[in-house]
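Peer 1:
There are 2 protein chains.
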Amino acid sequence: MSVPERMSGVLTPVVTPFGNDLAPDAKRLTEQCRWLLAQEVGLAVFGTNSEANSMSVDEKIELIDRLLEAGIDAARMMPGTGCAAFTDSVRLTSHAVNSGCSGVLMLPPFYYKDVSDDGLFAVYAEIIERIGDARLRIYLYHIPPISQVPLSLPLIERLITSYPETVVGIKDSGGDWANTKAMLDAGWDDFRIFVGSEAFLLDNMRNGGDGCISASANVNPAAILALYHKWDDGDGEAMQAGLNDVRERFIQFPMIAALKAGVAHFSGDPGWAQMRPPLVALDAGQQAQLQKSLEDIGFTMDGLGAGK
Amino acid sequence: MSVPERMSGVLTPVVTPFGNDLAPDAKRLTEQCRWLLAQEVGLAVFGTNSEANSMSVDEKIELIDRLLEAGIDAARMMPGTGCAAFTDSVRLTSHAVNSGCSGVLMLPPFYYKDVSDDGLFAVYAEIIERIGDARLRIYLYHIPPISQVPLSLPLIERLITSYPETVVGIKDSGGDWANTKAMLDAGWDDFRIFVGSEAFLLDNMRNGGDGCISASANVNPAAILALYHKWDDGDGEAMQAGLNDVRERFIQFPMIAALKAGVAHFSGDPGWAQMRPPLVALDAGQQAQLQKSLEDIGFTMDGLGAGK
Chain L
0 MSVPERMSGV
10 LTPVVTPFGN
20 DLAPDAKRLT
30 EQCRWLLAQE
40 VGLAVFGTNS
50 EANSMSVDEK
60 IELIDRLLEA
70 GIDAARMMPG
80 TGCAAFTDSV
90 RLTSHAVNSG
100 CSGVLMLPPF
110 YYKDVSDDGL
120 FAVYAEIIER
130 IGDARLRIYL
140 YHIPPISQVP
150 LSLPLIERLI
160 TSYPETVVGI
170 KDSGGDWANT
180 KAMLDAGWDD
190 FRIFVGSEAF
200 LLDNMRNGGD
210 GCISASANVN
220 PAAILALYHK
230 WDDGDGEAMQ
240 AGLNDVRERF
250 IQFPMIAALK
260 AGVAHFSGDP
270 GWAQMRPPLV
280 ALDAGQQAQL
290 QKSLEDIGFT
300 MDGLGAGK
Chain C
0 MSVPERMSGV
10 LTPVVTPFGN
20 DLAPDAKRLT
30 EQCRWLLAQE
40 VGLAVFGTNS
50 EANSMSVDEK
60 IELIDRLLEA
70 GIDAARMMPG
80 TGCAAFTDSV
90 RLTSHAVNSG
100 CSGVLMLPPF
110 YYKDVSDDGL
120 FAVYAEIIER
130 IGDARLRIYL
140 YHIPPISQVP
150 LSLPLIERLI
160 TSYPETVVGI
170 KDSGGDWANT
180 KAMLDAGWDD
190 FRIFVGSEAF
200 LLDNMRNGGD
210 GCISASANVN
220 PAAILALYHK
230 WDDGDGEAMQ
240 AGLNDVRERF
250 IQFPMIAALK
260 AGVAHFSGDP
270 GWAQMRPPLV
280 ALDAGQQAQL
290 QKSLEDIGFT
300 MDGLGAGK
């Protein structure tokens with residue numbers, strides 16, 4: 000049994016298309032994944048920006064199966080598998096491992112707040128022990144602005160110490176560079192540190208980090224990957240400024256709806272704009288504003304929609 | 000097909016027992032439900048204090064089935080059925096309706112934050128339309144300190160206006176009496192308003208409210224029910240003060256763990272103290288402090304554990 004390599008580079012929480020009936024659309028998702036893989040962007044499907052927590056475990060298992068059937072490479076997949084109930088996390092994570100995914104991105108349980116590090120450690124330990132598979136590679140998911148359940152440095156260190164071959168990285172979406180820097184400085188052996196926004200990508204690479212898992216990589220993959228590869232070539236600051244400019248044109252709107260509006264526009268497939276409640280699509284005025292803002296800088300998504 | 004009466008009175012989010020293997024324990028739960036029903040307390044199983052969001056939909060469906068098989072009266076049940084994914088909410092709610100439960104207590108989706116009223120309305124509407132059953136009675140669940148997703152008064156009014164026979168009440172666990180009072184003053188026809196803490200029970204009854212759905216009713220049901228029945232008999236203030244005193248002895252500790260420690264102690268069944276991660280049990284020192292604090296006022300849970 001081969002075990003997965005630890006991941007690095009640029010990944011994206013792939014936006015999830017839904018039909019008019021609000022069902023996940025595996026065909027459109029497959030097309031999007033193919034386009035992203037062609038840009039060398041890894042597939043952190045079922046992230047926050049994938050509306051993953053608006054889908055049931057069964058819906059997510061079905062999507063994994065459909066992607067693999069369509070030939071998407073499991074080695075490039077890091078699905079989000081952390082649920083409110085650890086029994087759900089076990090079921091979904093097991094499926095990802097058995098499907099050959101290189102890793103999983105795991106939220107802590109996110110309903111109860113002010114939980115202790117002991118309690119969070121117990122959840123991750125329970126999941127790891129129940130799965131009991133040497134192929135399991137967990138990337139922790141720290142996103143306190145949304146989960147409202149932060150992962151402290153002592154907790155992370157305790158998990159790495161207890162499960163050094165399983166707890167192998169983190170996505171830091173806290174938006175607080177000092178926290179990322181503290182992890183980079185912690186000296187954890189081969190622990191993969193991804194920033195959750197490409198706005199911190201240059202800083203992360205300069206400090207020995209491993210890349211980013213960024214929502215914007217759904218729409219701006221090539222430029223983000225270019226900075227990942229060339230951050231030390233002398234143009235890093237200018238490349239970072241370019242990424243930030245694109246990012247800011249999206250985040251002036253609700254981010255997930257804006258990403259999907261972008262994909263809808265550049266693919267010529269308006270169905271992509273469909274959101275699953277409780278999130279809502281941009282209205283016509285917002286869509287027009289976003290398009291105008293992107294046209295102002297000549298932004299495009301080359302090759303999108305070509306596979307239809 | 001008969002439709003359920005709208006509910007009122009005292010209900011409790013029944014604490015959920017777990018075995019050493021962390022599996023829900025239907026037998027212990029049945030005993031607890033019998034004891035509560037004997038005290039005339041209704042069963043809001045799968046509430047926040049039931050650790051409901053640490054259980055999968057399948058686990059909750061199984062528990063409903065086991066309770067009904069054991070003869071627990073579905074007419075006295077208001078299970079919590081609101082999940083992060085509306086497809087899960089539909090599945091669990093359908094099961095509750097088909098099982099004959101008088102109502103369901105429904106959280107909004109709780110992962111995404113800062114969602115719009117339009118988005119929250121769309122979720123509730125989608126659930127109601129998909130279930131499409133005249134027996135469905137939804138009690139909304141407003142608990143912003145934990146869900147971090149408040150239900151605004153305009154949203155509630157819009158739901159009542161659109162689904163007057165389905166959206167029939169609310170549990171307000173916001174801890175803000177002004178919000179409860181604003182709902183009581185809104186003039187919504189026969190809309191059942193429950194406070195989420197018995198600390199507001201006297202105020203709620205004086206202002207035309209319908210009772211409480213309170214964690215403390217797991218341990219102090221008779222006294223809470225007494226205030227519900229006798230709030231206008233002249234001793235209301237003293238009865239409320241008595242309830243508050245007991246409540247404060249529990250909430251000096253993490254509440255759910257303290258409730259289970261209380262049940263464990265007074266039933267003589269230490270297994271009741273087991274928590275499901277990420278929540279953790281009281282340590283030995285906390286348990287001793289809690290017991291001492293309850294002995295100081297001669298607090299007991301009469302008849303608990305007698306059914307074993």
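Quick note, the sequences are listed as chains L and C, same order. Using numbering that gives the first Met the number 0, the first residue of the first sequence is number 0, and each one after it goes up by one. Using numbering that gives the first Met the number 0, the first residue of the second sequence is number 0, and each one after it goes up by one. No residue lacks a Cβ here, since even glycine has one placed at the ideal position from N, Cα and C.
Determine the burial state of Lys112(C): buried for a count of at least 16 other Cβ atoms within 10 Å of its Cβ, exposed for fewer.
Peer 2: Numbered from its first residue, the second sequence carries residue 112(C) at position 113. Result: exposed.
Peer 1: State the Cα-Cα distance for the pair Ala216(C) and Lys259(C), rounded to the nearest angstrom.
Peer 2: One-based indexing of the second sequence puts residue 216(C) at position 217. One-based indexing of the second sequence puts residue 259(C) at position 260. When rounded, the distance between both Cα atoms is 12 Å.
Peer 1: Output the distance between the C-alpha atoms of Leu106(L) and Ser1(C), rounded to the nearest integer angstrom.
Peer 2: Looking up residue 106(L) in the first sequence gives position 107. Looking up residue 1(C) in the second sequence gives position 2. Approximately 43 Å between the Cα atoms of the pair.
Peer 1: Spatial neighbours of Phe298(C) within its chain, please: C-beta separation below 7 Å, excluding the five flanking residues on both sides.
Peer 2: Indexing the second sequence from 1 puts residue 298(C) at position 299. So the qualifying residues of the chain are Val245.
Peer 1: Around the Cβ of Ser146(L), are there at least 16 other Cβ atoms within 10 angstroms (buried) or fewer (exposed)?
Peer 2: Here residue 146(L) refers to the residue found at position 147 of the first sequence. Per the 10 Å Cβ criterion, buried.
Peer 1: Please state whether DSSP places Phe45(L) in a helix, a strand or coil.
Peer 2: Residue numbering aside, residue 45(L) sits at position 46 when the first sequence is read from its first letter. Reduced to three states, the DSSP call for Phe45(L) is coil.
Peer 1: Can you give me the C-alpha to C-alpha distance between Pro253(C) and Ala222(L), rounded to a whole angstrom?
Peer 2: The count along the second sequence starts at 1 and reaches residue 253(C) at position 254. The count along the first sequence starts at 1 and reaches residue 222(L) at position 223. Each residue's Cα considered, the two are about 48 Å apart.
Peer 1: Would you say Lys112(C) reaches chain L, if we count a Cβ-Cβ gap shorter than 8 Å as a contact?
Peer 2: The count along the second sequence starts at 1 and reaches residue 112(C) at position 113. At least one chain L Cβ lies under 8 Å of Lys112(C).
Peer 1: Closer than 8 Å, CB to CB, is Met54(L) near chain C or not?
Peer 2: The residue labelled residue 54(L) in the question sits at position 55 within the first sequence. True, the Cβ-Cβ gap to chain C drops below 8 Å.
Peer 1: For Asp171(L), which of helix, strand or coil comes out of DSSP?
Peer 2: Residue 171(L) sits at position 172 when you count from the first residue of the first sequence. Reduced to three states, the DSSP call for Asp171(L) is strand.
Peer 1: Could you pull the DSSP bridge partners for Tyr140(C) from this structure?
Peer 2: By one-based count along the second sequence, residue 140(C) stands at place 141. DSSP output for Tyr140(C) lists Lys170(C) as bridge partner(s).
Peer 1: What are the boundary residues of the alpha helix (DSSP H) that Gly8(L) is part of?
Peer 2: As a first step, residue 8(L) is located in the first sequence; it is residue number 9 there, counting from the start. Run containing Gly8(L): none in the alpha helix (DSSP H); it sits in the beta strand (DSSP E), Gly8 to Thr11.
Peer 1: Between Ser151(C) and chain L, is any beta-carbon pair separated by less than 8 Å?
Peer 2: For this step, residue 151(C) is matched to residue 152 along the second sequence. No, because no Cβ of chain L sits closer than 8 Å to the Cβ of Ser151(C).
Peer 1: So what does DSSP say about Met76(C), is it helix, strand or coil?
Peer 2: Taking the first residue of the second sequence as position 1, residue 76(C) is located at position 77. Correct three-state label for Met76(C): strand.
Peer 1: From this set, Gly233(C), Asn178(C) and Ala95(C), which residue's C-alpha is nearest Ile60(C)'s C-alpha?
Peer 2: If you number the second sequence from 1, residue 60(C) lands on position 61. Here the closest residue by C-alpha is Ala95(C).
Peer 1: Output, in chain order, the set of chain C residues within a Cβ distance shorter than 8 Å of Ala84(L).
Peer 2: The count along the first sequence starts at 1 and reaches residue 84(L) at position 85. Ordered by position in chain C, the residues that pass the 8 Å Cβ test against Ala84(L) are Asn52, Ser53, Met54, Ser55 and Glu58.
Peer 1: Return the first residue and the last residue of the beta strand (DSSP E) that Met105(L) is part of.
Peer 2: The residue you call residue 105(L) lines up with position 106 of the first sequence. Met105(L) -> beta strand (DSSP E) spans Val103 to Met105.
Peer 1: Just checking my contact of Ile63(L) with Ser93(L) at CB under 8 Å: how many whole Å lie between their CB atoms?
Peer 2: For the purposes of this step, residue 63(L) is identified with residue 64 of the first sequence, where counting begins at 1. For the purposes of this step, residue 93(L) is identified with residue 94 of the first sequence, where counting begins at 1. In fact, because the Cβ distance is near 11 Å, the residues do not count as touching under 8 Å.
Peer 1: Where does the unbroken alpha helix (DSSP H) through Cys32(L) begin, and where does it stop?
Peer 2: Here residue 32(L) is taken as the residue at index 33 of the first sequence, counted from 1. First-last of the alpha helix (DSSP H) with Cys32(L): Ala25 to Ala37.
Peer 1: Can you find the residues in the same chain that come closer than 8 Å, C-beta to C-beta, to Leu242(C), ignoring five residues on each side of it along the sequence?
Peer 2: What you label residue 242(C) is simply residue 243 of the second sequence in a count that begins at 1. If we look at Leu242(C) and ignore the five residues flanking it on each side, its Cβ neighbours are Glu197, Ala198, Leu200, Ser215, Asn219, Ala222, Ile223 and Leu226.
Peer 1: With a 10 Å radius around its C-beta and 16 neighbouring C-beta atoms as the bar for buried, classify Ile296(L) as buried or exposed.
Peer 2: Reading the first sequence from its first residue, position 297 is the one you call residue 296(L). Flag for Ile296(L) reads exposed.
Peer 1: Secondary structure at Phe199(L), three-state DSSP: helix, strand or coil?
Peer 2: In the first sequence, counting from the first residue as 1, residue 199(L) sits at position 200. Looking at Phe199(L) - three-state DSSP - the assignment turns out to be helix.
Peer 1: Secondary structure at Arg191(L), three-state DSSP: helix, strand or coil?
Peer 2: By one-based count along the first sequence, residue 191(L) stands at place 192. In this structure, Arg191(L) counts as strand in the three-state DSSP scheme.
Peer 1: Measuring CA to CA, which of Ser55(C), Glu164(C), Arg5(C) and Gly208(C) is closest to Leu183(C)?
Peer 2: Position 184 of the second sequence, counting from 1, holds the residue named residue 183(C). Looking at the Cα atoms, Gly208(C) is the closest of the given residues.
Peer 1: Looking only at its own chain, which residues have a Cβ that is under 6 Å from the Cβ of Leu135(L), when we skip the five neighbours before and after it?
Peer 2: Looking up residue 135(L) in the first sequence gives position 136. Counting only Cβ-Cβ distances below 6 Å, and skipping sequence neighbours, we find Val96 and Thr165.
Peer 1: Run through chain A and tell me which residues come within less than 8 Å of Ala121(L), C-beta to C-beta.
Peer 2: Of the protein chains in the structure, L and C, none is chain A.
Peer 1: List the residues of chain L whose Cβ lies closer than 8 Å to the Cβ of Val125(C), in chain order.
Peer 2: Here the question's residue 125(C) lines up with position 126 in the second sequence. Checking the displayed sequence, the identity of residue 125(C) turns out to be Glu instead of Val. By Cβ distance, chain L contributes Leu21 and Pro276.
Peer 1: Under the DSSP definition of a beta bridge, which residues are partnered with Cys211(L)?
Peer 2: Walking along the first sequence from the start, residue 211(L) turns up at place 212. Beta-bridge pairing links Cys211(L) to Val9(L) and Val194(L).
Peer 1: Can you give me the C-alpha to C-alpha distance between Val89(C) and Tyr138(C), rounded to a whole angstrom?
Peer 2: As a working note, residue 89(C) is residue 90 in the second sequence. As a working note, residue 138(C) is residue 139 in the second sequence. Cα to Cα, Val89(C) sits roughly 15 Å from Tyr138(C).
Peer 1: When you compare each of Asp175(C), Ser172(C) and Gly186(C) to Ile159(C) by their alpha carbons, which one comes out closest?
Peer 2: Sequence index remark: in the second sequence, residue 159(C) carries index 160 (1-based). Cα-wise, what sits closest to Ile159(C) is Gly186(C).
Peer 1: Return the residue from the list Val40(L), Arg205(L), Asp132(L) and Arg157(L) that minimises the CA-CA distance to Ile235(L).
Peer 2: Within the first sequence, numbered from 1, the residue matching residue 235(L) stands at position 236. Strictly speaking, residue 235(L) in this sequence is Gly, with Ile absent from that position. With distances taken between Cα atoms, Gly235(L) lies closest to Arg205(L).
Peer 1: Considering only C-alpha positions, which residue in the set Phe109(L), Ala133(L) and Asn203(L) is nearest to Asn178(L)?
Peer 2: As a first step, residue 178(L) is located in the first sequence; it is residue number 179 there, counting from the start. When only C-alpha atoms are compared, the closest one is Asn203(L).
Peer 1: Quick one, which of Leu91(L), Glu294(L), Lys180(L) and Phe17(L) has its alpha-carbon nearest Arg248(L)'s?
Peer 2: As a position in the first sequence, residue 248(L) is number 249, starting the count at 1. Among Leu91(L), Glu294(L), Lys180(L) and Phe17(L), the Cα nearest to that of Arg248(L) belongs to Glu294(L).
Peer 1: Would you mind sorting Ala83(C) into buried or exposed? The rule is 16 or more other CB atoms within 10 Å of its CB.
Peer 2: Along the second sequence, read from residue 1 onward, the residue named residue 83(C) stands at position 84. Buried.
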